[in-house]
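Here's the structure, in structure tokens; my notes come after.
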Amino acid sequence: MSANTTTAFTTKLRKFDGTGYRVWARQLQLYLEVKDVWSAVLKPAPTLLQLENEESGQADRPLRQQERPLHQLEMQQKLAMTIILAAGTDQC
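One point on numbering: in the UniProt record's numbering, the residue at position 25 of the sequence shown is 25, and numbering is uninterrupted.
Structure, rendered in structure tokens:
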């Protein structure tokens, strides 16, 4: 294998079945870290006013995602919530 060859792998996050919470929670955290959304989980959600202010401050030029950090945070939090809900048990 050459030095610049990368190996891609996927991992399936198991659903929480009510047992082994500590292991499952750590696996969930690692999964969210790999998806680059764990830091968004730790931050408070931006308010609607903050999002509107960010958008109105950019009205005179085209908006790019990296220029809208609060909107980017909101999208990361939504992705994280989707992953967390999908990993929860159906019996909740």
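No residue lacks a Cβ here, since even glycine has one placed at the ideal position from N, Cα and C.
| Asked | Found |
| --- | --- |
| Same chain, Cβ closer than 7 Å to Pro-46, five either side skipped, listed in chain order | Leu-70, Leu-73, Glu-74 |
| Cβ pair Ala-80, Ala-40 closer than 8 Å | yes |
| Proximity to Leu-13 [Cα-Cα], best of Thr-19, Arg-22, Leu-30 | Leu-30 |
| As assigned by DSSP and simplified to three states, the class of Pro-69 | helix |
| Span of the alpha helix (DSSP H) around Ala-45 | That residue, Ala-45, is in no alpha helix (DSSP H); it is neither H nor E in DSSP. |
| Pair within 8 Å by beta-carbon distance, Ile-83 and Leu-42 | no |
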